[in-house]
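In my numbering, each residue carries its 1-based index in the sequence shown increased by 34. Even for Gly, the Cβ is constructed at its ideal location relative to N, Cα and C. If you're wondering where the values come from, they're calculated on a predicted model, not measured in any experiment.
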Amino acid sequence: MVELPQELIERIIDELNLLQGNRKALFAALSTARSFRIRARLHLFQRIYLANEQHFHKFDELCKVSPSILGIVRTIRVVIRPNHSQALLSLQAHPFPNLAALEVDGWKDGYMCSELPRDDALTLSSKNLSSLTLQYLFFPDSKSFRNCIQSYPFLESLSLRSLDVPASIEDAHSYLGPPIRELSITCPHYGTCAFPDSFRRMRKRQRVIENRNWS
Numbered sequence: 035m036v037e038l039p040q041e042l043i044e045r046i047i048d049e050l051n052l053l054q055g056n057r058k059a060l061f062a063a064l065s066t067a068r069s070f071r072i073r074a075r076l077h078l079f080q081r082i083y084l085a086n087e088q089h090f091h092k093f094d095e096l097c098k099v100s101p102s103i104l105g106i107v108r109t110i111r112v113v114i115r116p117n118h119s120q121a122l123l124s125l126q127a128h129p130f131p132n133l134a135a136l137e138v139d140g141w142k143d144g145y146m147c148s149e150l151p152r153d154d155a156l157t158l159s160s161k162n163l164s165s166l167t168l169q170y171l172f173f174p175d176s177k178s179f180r181n182c183i184q185s186y187p188f189l190e191s192l193s194l195r196s197l198d199v200p201a202s203i204e205d206a207h208s209y210l211g212p213p214i215r216e217l218s219i220t221c222p223h224y225g226t227c228a229f230p231d232s233f234r235r236m237r238k239r240q241r242v243i244e245n246r247n248w249s
């Protein structure tokens, strides 16, 4: 068998990735020679999208069988429905050393995620996460919301959309947080988000704040 140059193999796999709907071909490449598998795995698992309970369970089993995948994942996007919010906890069983972005969407088919299974449900094992997007989620109090943000010490970009965070008179100035450089807030329909300082009572608008620490 004639061996192909690795550069050519990578270009072939890259072209397969560019063809929409050709993920089957990438999965097929996983059953071929190692030189094909490495590149195919990068394209298949750098960005993970989990939209239902079955997706969570399949990904959980895949990570158990092939733990090396955990180091490939760079972005995870999850959609939480009230009837499968417990499945979110399965992600906590795995370390994601190179995870850089987490997107959590609580809106699906007209339903908003009314509650998370635990206060730490959105805390994943990733020291390198720098981007967090939360939308259409309910936090029982401002403390649980702050704990979520503080669990990612190197967070630089935070995007919030239509969160329900009950207002609190508790002094939050003693709570230190990550060095967020970019903040986007959109709250068009839901109650006041309990943010300290100039973040209070922000509705129907979006703001981007650079070089400001969350406190």
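Close Cβ partners of residue i (< 7 Å) along its chain, the five nearest in sequence each way excluded
i	result
Pro129	Leu104 and Ser159
Ser232	Its pLDDT being 33, under 50, Ser232 is placed unreliably by the model, and nothing is read from it.
Phe93	Ile82 and Leu84
Given residue i as reference, the closest of the options once Cα atoms are compared
i	options	result
Gln169	Tyr186, Leu163 and Leu136	Leu136
Pro200	Asp175, Glu216, Pro213 and Pro212	Asp175
Asp198	Gln184, Arg180, Glu190 and Phe173	Phe173
Arg180	Ser196, Leu156, Arg111 and Gln88	Leu156
Arg115	Phe90, Cys182 and Ile219	Phe90
Neighbourhood of residue i by C-beta, 6 Å cutoff - its chain only, sequence neighbours within 5 removed
i	result
Leu192	Leu166, Ile214 and Leu217
Ile110	Ile82 and Leu136
Per-residue DSSP class, three states only, for residue i
i	result
Glu190	coil
Glu37	coil
Arg111	strand
Ala134	coil
Residues that DSSP places opposite residue i in a beta bridge
i	result
Phe172	Asp198
Buried versus exposed, by CB contacts within 10 Å (16 or more), residue i
i	result
Tyr83	exposed
Phe188	exposed
Gly212	Residue identity differs from the one stated: residue 212 is Pro in this sequence, not Gly. Under this definition Pro212 is a buried residue.
Ala127	exposed
Val99	exposed
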